[in-house]
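**Student:** Numbering (our numbering), first residue to last: 19 to 503. A virtual CB, placed ideally from N, CA and C, is assigned to each residue, including glycine.
1) Quick one: what's got a C-beta closer than 6 Å to residue 423's C-beta in the same chain, skipping five residues either side?
2) Could you check what DSSP says for residue 223 in three-state terms: helix, strand or coil?
3) Report buried or exposed for residue 433, applying the criterion of at least 16 other Cβ atoms within 10 angstroms of its Cβ.
4) According to the neighbour-count rule (16 or more other Cβ atoms, all chains shown, within 10 Å of its Cβ), is residue 461 buried or exposed?
5) Under the three-state reduction of DSSP, which class applies to residue 472: helix, strand or coil?
6) Starting from the Cα of residue 388, find the closest Cα among 430, 476, 223 and 341 and give me that residue.
7) Between the segment 63-83 and the segment 150-166, do at least 3 Cβ pairs fall closer than 8 Å?
8) What separation, rounded to the nearest whole angstrom, lies between the Cα atoms of residue 286 and residue 375?
9) Please name the residue or residues paired with residue 175 in a DSSP beta bridge.
10) Quick one: what's got a C-beta closer than 8 Å to residue 416's C-beta in the same chain, skipping five residues either side?
11) Between which two residues does the beta strand (DSSP E) harbouring residue 202 extend?
12) Would you say the segment 491-502 touches the segment 317-330, given that touching needs at least three Cβ pairs under 8 Å?
13) Could you tell me the alpha carbon to alpha carbon distance between residue 195 and residue 175, rounded to whole angstroms?
14) Whole angstroms are fine: how far does the CA of residue 40 sit from the CA of residue 108?
15) Could you pull out every residue in the same chain whose Cβ sits closer than 6 Å to the Cβ of residue 301, ignoring the five residues on either side in sequence?
16) If we count Cβ pairs, one from each stretch, closer than 8 Å, do we get three or more for the segment 25-34 versus the segment 98-112?
17) Alpha carbon to alpha carbon, how far is residue 428 from residue 46? Give it in angstroms, no decimals.
18) Using only the alpha-carbon positions, how far apart do residue 349 and residue 372 sit?
19) Compare the beta carbon distance of residue 368 and residue 249 with 8 Å and say whether it is the shorter of the two.
20) Does DSSP put residue 180 in a helix, a strand or coil?
21) Pair every Cβ in the segment 153-172 with every Cβ in the segment 122-141, then say whether three or more of these pairs are closer than 8 Å.
22) Roughly how many angstroms separate the alpha carbons of residue 73 and residue 478, rounded to a whole number?
23) Exposed or buried, what is residue 420 when buried is set at 16 or more other beta-carbons lying within 10 Å of its beta-carbon?
24) Leaving out five residues on either side along the sequence, give the residues of the same chain with a beta carbon under 6 Å from the beta carbon of residue 290.
25) Would residue 394 and residue 413 be called neighbours here (beta carbons separated by less than 8 Å)?
26) Tell me which residue opens and which closes the beta strand (DSSP E) that residue 443 is part of.
27) Would you tell me roughly how many angstroms separate the C-alpha atoms of residue 404 and residue 310, rounded to the nearest one?
28) Who are the near neighbours of residue 487 in its chain, counting only those whose CB is closer than 8 Å to its CB and skipping five residues on each side?
29) For residue 359, which option in 24, 346 and 392 has the closest C-alpha, if you only look at C-alpha atoms?
30) Please confirm whether residue 253 and residue 139 have their CB atoms less than 8 Å apart.
31) Using the Cα positions of residue 201 and residue 230, report the straight-line distance between them to the nearest angstrom.
32) Please report the distance separating the alpha-carbon of residue 218 from that of residue 466.
33) DSSP three-state label for residue 45, please.
34) Which two residues bound the contiguous beta strand (DSSP E) that contains residue 428?
35) Look up residue 500 in the DSSP assignment and say whether it is helix, strand or coil.
36) Work out the CA separation of residue 401 and residue 269 for me, nearest whole Å.
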């Protein structure tokens, strides 16, 4: 019998620091529980796009993010319940160290805060490779730092030998914290990384399937799955309803009148049908087709974006700029999220037919929303290779990592927002965009103060990754612009 999403058993996998093995344990636990016949709801704390891809492989369900900074603490519970509909158990992978969150914001966006908001017990993953009895002091400190966070047990990672395990267990027995699993150092699963973290599933699917299976086997062998499920069943009941895209749109303010298209070329007949808006047999407007970039080069997106677009009246169609030589037939709007265009710059540049179609779509005045990788794809060039040429800007790789949450305000009316709209975003890239002239900025970032991004014709392009669940009117405004452009 399926459990109500407000009372679904759940636990949070946390760690004292990054690199302790959270992803291995969380993904392996999801895979091991799924292999036992449970329907597992996968979640990730924070803005990470890559780990949810591995979670999806482990569970067969969409990996979803829980970000108290981007969406606000009040949406963490509803978004969790939305993802957990129809599930037997939920596993939430934490971010960084358990108490690490948005810089200078206290506990905001930390794993500890999300665990409290979800009323979920925590399993602490400890890298025990360089300690024995000291592990008890470490775990005691994490267990006692915030009395509202309930650490239900520990999984010891990178344990060297039987004797090492014995010493660790003795220390933790004295501390009163149960050991729920032990993973040996020799059995570590290798998942390749590069300049922005793990290599996404879409770029190594066959190998990723093997990696996830190995993680599941490792956790099943080294952890007490029955004890972990029992711990998850001790989670408290959540109050409030699950998030729903249609209800979120109904409760958001109606969009202002569409932004006029400035300096647009005459409509391209491929992207703007003549005559009145098409109607369905019941008299309602038909859905407008919104193309969403996917494939190995564009893997960063939040599932709720497509759900909001669909609820607003869009037919969402995913295409692959590495393989498809044209946009989906009837495209009226384009969304290009984040990813790794720098890795596939040659292939993206070589797909000249698609680049021309993207330019034609923009010249027809259609709305285009691009984030980070999408911004790079719309530039004149990336590392010297021609891109779409929609924006008068060049992009190149950089040695400097730009990373962090951003508080921003829209400084120009666009297809996504009116000037003055406040949103929070996240930056994560090793590239630099050098703008030419002509476009207005998209965002004013409040700290440090600067303007960022491009608004030109129907294009909104920016480095900021935003979560539309925090401002559902963004999706409705975009779809309405698709209807009227």
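**Tutor:** Based on what the coordinates show:
1) Translated into the one-based positions of the chain shown, residue 423 becomes position 405. For residue 423, where only same-chain residues beyond five positions count, the Cβ hits under 6 Å are 87, 120 and 444.
2) Reading the chain shown from its first residue, position 205 is the one you call residue 223. If DSSP states are grouped into helix, strand and coil, residue 223 belongs with the helices.
3) On the chain shown, position 415 is the one that residue 433 refers to. Residue 433 counts as buried, since at least 16 other C-beta atoms from the protein chains shown sit within 10 angstroms of its C-beta.
4) As a position in the chain shown, residue 461 is number 443, starting the count at 1. Burial state of residue 461 is buried, judged by a 10 Å Cβ sphere holding 16 or more other Cβ atoms.
5) Reading the chain shown from its first residue, position 454 is the one you call residue 472. Strand.
6) Sequence index remark: in the chain shown, residue 388 carries index 370 (1-based). Taking the Cα of residue 388 as reference, the smallest distance to any Cα among 430, 476, 223 and 341 is reached at 476.
7) These segments do not touch.
8) Counting from one through the chain shown, the residue named residue 286 turns up at place 268. Counting from one through the chain shown, the residue named residue 375 turns up at place 357. With a pLDDT of only 46 at residue 286, under 50, the local geometry of the prediction cannot be trusted, and the value read off the model is given with reservation. If you take the alpha carbons of residue 286 and residue 375, they lie about 10 Å apart.
9) Here the question's residue 175 lines up with position 157 in the chain shown. In the DSSP assignment, residue 175 forms a beta bridge with 145.
10) Translated into the one-based positions of the chain shown, residue 416 becomes position 398. Answer for residue 416: 448, 449 and 450, listed in chain order.
11) By 1-based counting over the chain shown, the position of residue 202 is 184. Element bounds for residue 202: 197-202.
12) Yes, the segment 491-502 is in contact with the segment 317-330.
13) Here the question's residue 195 lines up with position 177 in the chain shown. Here the question's residue 175 lines up with position 157 in the chain shown. Distance between the alpha carbons of residue 195 and residue 175: 16 Å.
14) Here residue 108 refers to the residue found at position 90 when the chain shown is read from its first residue. Here residue 40 refers to the residue found at position 22 when the chain shown is read from its first residue. So the alpha carbons of these two residues sit roughly 15 Å apart.
15) By one-based count along the chain shown, residue 301 stands at place 283. Summary for residue 301: the model assigns pLDDT 39, below 50, so the residue's position carries little reliability; its value from the coordinates is reported in the next sentence. No residues qualify anywhere along the chain.
16) Short answer: they touch.
17) In the chain shown, counting from the first residue as 1, residue 46 sits at position 28. In the chain shown, counting from the first residue as 1, residue 428 sits at position 410. A direct Cα-Cα distance of roughly 41 Å separates residue 46 from residue 428.
18) Residue 349 sits at position 331 when you count from the first residue of the chain shown. Residue 372 sits at position 354 when you count from the first residue of the chain shown. Our two residues, residue 349 and residue 372, have alpha carbons roughly 13 Å apart in a direct line.
19) Position 350 of the chain shown, counted from the first residue, corresponds to residue 368. Position 231 of the chain shown, counted from the first residue, corresponds to residue 249. The answer is no: Cβ separation not under 8 Å.
20) Against the chain shown, residue 180 aligns to sequence position 162. Note: residue 180 maps to helix in three-state DSSP.
21) Per the Cβ contact rule, the segment 153-172 is in contact with the segment 122-141 (3 or more Cβ pairs under 8 Å).
22) On the chain shown, position 55 is the one that residue 73 refers to. On the chain shown, position 460 is the one that residue 478 refers to. Looking at the two C-alpha atoms, the distance is approximately 31 Å.
23) Position 402 of the chain shown, counting from 1, holds the residue named residue 420. A residue is called buried when at least 16 other Cβ atoms come within 10 angstroms of its Cβ; residue 420 does not meet this threshold and is exposed.
24) Here residue 290 is taken as the residue at index 272 of the chain shown, counted from 1. Only weak support exists for where residue 290 lies, its pLDDT of 47 falling under 50; the value from the coordinates is given anyway. Counting only Cβ-Cβ distances below 6 Å, and skipping sequence neighbours, we find 382.
25) Position 376 of the chain shown holds residue 394. Position 395 of the chain shown holds residue 413. Closer than 8 Å, so yes.
26) Against the chain shown, residue 443 aligns to sequence position 425. Residues 440-453.
27) Counted from its first residue, the chain shown places residue 404 at position 386. Counted from its first residue, the chain shown places residue 310 at position 292. So the two alpha carbons sit approximately 21 Å from each other.
28) As a first step, residue 487 is located in the chain shown; it is residue number 469 there, counting from the start. Result list for residue 487: 89, 93, 97, 261, 266, 320, 322 and 326, in chain order.
29) In the chain shown, residue 359 corresponds to position 341, counting from 1. Looking at the Cα atoms, 392 is the closest of the given residues.
30) Along the chain shown, one-based indexing puts residue 253 at 235. Along the chain shown, one-based indexing puts residue 139 at 121. Yes, these two residues count as a Cβ contact at 8 Å.
31) The count along the chain shown starts at 1 and reaches residue 201 at position 183. The count along the chain shown starts at 1 and reaches residue 230 at position 212. If I take the Cα positions, the gap works out to 15 Å.
32) Indexing the chain shown from 1 puts residue 218 at position 200. Indexing the chain shown from 1 puts residue 466 at position 448. Each residue's Cα considered, the two are about 30 Å apart.
33) Taking the chain shown and counting its residues from 1, the one referred to as residue 45 is at position 27. Three-state result, residue 45: helix.
34) Here residue 428 is taken as the residue at index 410 of the chain shown, counted from 1. Residue 428 -> beta strand (DSSP E) spans 411-428.
35) One-based indexing of the chain shown puts residue 500 at position 482. Residue 500: helix per DSSP, three-state reduction.
36) What you label residue 269 is simply residue 251 of the chain shown in a count that begins at 1. What you label residue 401 is simply residue 383 of the chain shown in a count that begins at 1. Distance from the CA of residue 269 to the CA of residue 401, rounded to the nearest whole angstrom, comes to 44 Å.
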